[in-house]
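For any residue, its number in the working numbering is found by taking its place in the sequence shown, counting from 1, and adding 69.
Heads up: the structure comes next, in structure tokens.
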Amino acid sequence: MAKQTVLYPQHQAMGARIVPFGGWEMPLHYGSQLEEHHQVRRDAGMFDVSHMTVVDLLGDGARDYLRRLLANDVARLKDPGKALYSCMLNEQGGVVDDLIVYYLRDDWYRMVVNAGTTDKDLAWMEAQRGGFELQIRPRRDLAMIAVQGPNARAKALPLLPAELREAAGELQPFNAVPGSDWFVARTGYTGEDGFEIMLPEDEAAALWGGLADAGVAPCGLGARDTLRLEAGMNLYGSDMDEETSPLEAGLGWTIAWEPAQRAFIGRAALERQREDPGRRRFVGLLLTGRGVLRNHLKLFSGGREIGEITSGGFSPTLQRSIALARVVPDSGDECEVEIRGKRVPARVVKPPFVRNGKARVEP
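What follows is the structure, encoded as structure tokens:
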């Protein structure tokens with residue numbers, strides 16, 4: 070049976086179209102996915118992301134455990150509240166999940182993992198904990214609301230607890246401030262500024278209502294996906310999975326190779342792949358012909374198949390079709406996409422397509 074977040078009654082009252090997603094019943098949109106997308110790019114929108122799982126890692130061994138578990142290195146985190154994006158890998162270098170981890174103290178880190186992979190992630194994390202002194206504590210008592218857009222922080226700040234308001238207002242990107250119960254991070258999945266706010270479940274409805282009263286538009290999964298695609302952000306299960314390494318998912322920058330003696334899980338496999346001249350590239354595509362780019366469409370150069378779209382769709386901001394794709398290393402700057410039996414021209418570009426409301430690619 071599909072689960073529901075604590076905000077499910079609010080979604081129903083606001084007229085959301087509810088769909089299954091990662092084992093949860095979640096809002097797809099509240100009437101117009103297009104309007105919600107533009108609201109985030111131009112003003113402020115809010116997303117219920119309480120289906121994602123907050124995990125606290127507590128104990129003297131937490132730091133060393135995470136240095137083994139993650140491809141990125143939490144030793145880089147020196148200041149309380151600093152965030153790090155990383156992949157958690159299997160021994161073959163495939164991505165078990167992508168996640169954000171926050172450093173709070175030497176014996177306390179907070180991690181946020183994807184909804185559809187939570188059970189798998191927790192089982193994997195438990196399996197790797199041997200020899201490390203720590204507790205792995207899922208925080209199922211917390212809800213999470215993402216407030217995103219150029220005016221998101223200004224509209225959300227007055228609704229935060231007084232103890233957090235000043236510090237949250239001064240937060241730098243990819244940092245967080247914890248309170249006694251609330252946790253406010255300047256992070257997101259849209260390519261816009263904003264907060265991701267973790268708070269007790271019984272306080273989530275009041276915050277959601279207060280944000281709505283402040284003119285923050287409720288937004289669903291549909292807008293969240295077009296926003297993250299424009300921002301060139303990967304989606305687990307589409308752009309990467311347990312068969313795909315960060316090197317082939319455009320996430321080489323999340324791998325901390327130094328110090329060389331840090332033996333994180335999957336390192337040996339990644340080192341072999343790093344030297345492979347046939348390793349596939351992760352690129353962006355702009356469709357120059359007519360049609361819509363969709364997941365799994367095949368790509369060609371002349372008569373040769375060169376790759377496949379991993380995420381595709383229509384960009385409301387650019388008013389054209391865009392995609393992320395995995396291609397052979399010598400694919401070139403132009404290709405063709407097979408759409409309904411026809412080859413349609415496309416241009417290879419470097420993501421992101423849009424950041425902070427502005428186009429980042431040439432038309």
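The beta carbon of each residue, even a glycine, is placed where N, CA and C say it ideally should be.
Work out the CA separation of residue j and residue i for me, nearest whole Å.
i	j	result
G185	D117	15 Å
Q81	R293	19 Å
R459	K224	Since the first and last residues shown for the chain are 70 and 432, residue 459 lies out of range.
A113	R416	32 Å
G238	R255	10 Å
A273	G306	28 Å
A215	I408	35 Å
L228	G279	7 Å
H106	T259	9 Å
R412	I391	16 Å
R137	L103	42 Å
G353	E202	43 Å
L316	A275	42 Å
G469	W326	Within the shown structure, residues of the chain are numbered from 70 to 432, placing residue 469 beyond reach of any answer.
P89	R349	32 Å
V75	T187	18 Å
W177	L126	6 Å
V182	A196	17 Å
P207	G248	18 Å
S400	G371	11 Å
L240	R373	49 Å
M180	A221	23 Å
G301	R341	26 Å
A318	D310	9 Å
C156	I169	9 Å
F264	L146	20 Å
V246	L153	14 Å
A428	E403	20 Å
R383	P420	For clarity, residue 383 is Phe in the given sequence; the question names Arg instead. C-alpha separation (whole angstroms): 15 Å.
G410	G199	52 Å
D175	Q204	13 Å
G433	A286	In the structure as shown, the chain begins at 70 and stops at 432. Residue 433 is therefore absent and cannot be evaluated.
N364	G381	5 Å
Which of helix, strand or coil does DSSP assign to residue i?
i	result
S261	Correcting the residue type first, residue 261 is Glu in the shown sequence and not Ser. In the structure shown, E261 sits in coil (DSSP, three-state: anything other than H, G, I, E or B).
D190	helix
H433	Summary: the structure shown does not reach residue 433, with the chain confined to residues 70 through 432, and so no result is reported for it.
K147	coil
G321	helix
E232	helix
G114	strand
E178	What sits at residue 178 in the sequence shown is Tyr, not Glu. Residue state, collapsed to three classes: strand.
E195	helix
E94	strand
A223	helix
Q241	coil
R29	For the chain, the structure presents residues 70 to 432; residue 29 sits outside this window and is missing.
A85	coil
A428	strand
For the beta strand (DSSP E) containing residue i, name the first residue and the last one.
i	result
H120	Counting along the chain, H120 falls outside any beta strand (DSSP E), and DSSP gives it neither H nor E.
A332	That residue, A332, is in no beta strand (DSSP E); it is neither H nor E in DSSP.
Y171	V164 to R174
A212	L211 to Q217
P31	In the structure displayed, the chain extends from 70 to 432; residue 31 sits before or after that span and is not available.
For my contact list, residue i and residue j are in at a C-beta cut-off of 8 Å; report their separation, rounded to the angstrom.
i	j	result
L362	V406	6 Å
V164	T313	6 Å
L320	G162	Rounded, the Cβ-Cβ distance is 11 Å, inconsistent with contact.
L355	V418	6 Å
N159	I334	7 Å
T379	P414	With 8 Å as the limit, T379 and P414 do not qualify as a contact, their Cβ atoms being about 19 Å apart.
N303	D167	7 Å
L97	R86	5 Å
E270	A212	5 Å
E261	G218	5 Å
Looking at the secondary structure, which residues open and close the alpha helix (DSSP H) in which residue i lies?
i	result
R350	That residue, R350, is in no alpha helix (DSSP H); its beta strand (DSSP E) goes R350 to L356.
Q79	Y77 to A82
L158	Here L158 belongs to no alpha helix (DSSP H); instead the beta strand (DSSP E) covers A152 to L158.
Could you pull out every unbroken alpha helix (DSSP H) segment of at least 4 residues lying fully inside the stretch 246-313, listed in chain order?
Qualifying alpha helix (DSSP H) stretches, in chain order: 270-282 and 290-299.
List in chain order: all unbroken beta strand (DSSP E) runs of 3+ residues lying wholly within the stretch 363-423.
Whole beta strand (DSSP E) segments, 3+ residues: 367-370, 373-384, 389-396, 403-408 and 411-418.
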